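All letters in the sequence shown, in the order written, are residues 7 to 80 by the numbering used here. Glycine included, C-beta positions come from ideal geometry on N, C-alpha and C. Computed from a predicted model, the values in this text were never measured in an experiment. Quick notes on the structure that follows.
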Amino acid sequence: MKTVNLYEAKTHLSALVGEALSGEDVVLARHGKPLVRLVPVAQAKPSDAFGMDRGLVEIAADFDETPADFAEYV
């Protein structure tokens with residue numbers, strides 16, 4: 007685990023981010039007291055939402071026909 011004071015982190019931020027992305031633990035400190043840890047953001051998994059109900063929903067063959075009890079409204 008690498009501990010870096012904030013003043014040094016300001017000047018070497020991109021290098022510290024690179025180290026965090028490569029898997030190294032980087033801790034930012036103020037006056038030697040640890041404050042935060044740099045960690046890579048977990049990549050979001052692509053959504054499986056499109057097509058997830060395939061085969062579960064059926065559309066009736068007569069879905070676009072007017073029901074008999076609504077004929078007087080048309």
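7 Å or more divides the Cβ of LEU34 from the Cβ of VAL63.
Distances from the alpha-carbon of VAL47 to those of GLY24, MET58, ASP75 put GLY24 closest.
The beta carbon of ALA26 is closer than 8 Å to those of VAL32, LEU44, VAL45, PRO46 in its chain, skipping five residues each way along the sequence.
Here THR9 is bridged, per DSSP, to VAL33.
The beta carbon of PRO40 sits closer than 7 Å to the beta carbons of THR9, VAL33 from its chain, once the five residues preceding and following it are set aside; these are given in chain order.
Boundaries of the alpha helix (DSSP H) harbouring LEU27: 19-27, taken from the DSSP string. For MET7, the closest of SER53, GLY29, HIS37 by C-alpha to C-alpha distance is GLY29.
Within the same chain, no Cβ atom closer than 7 Å to the Cβ of SER20 is found once the five residues on either side in sequence are excluded.
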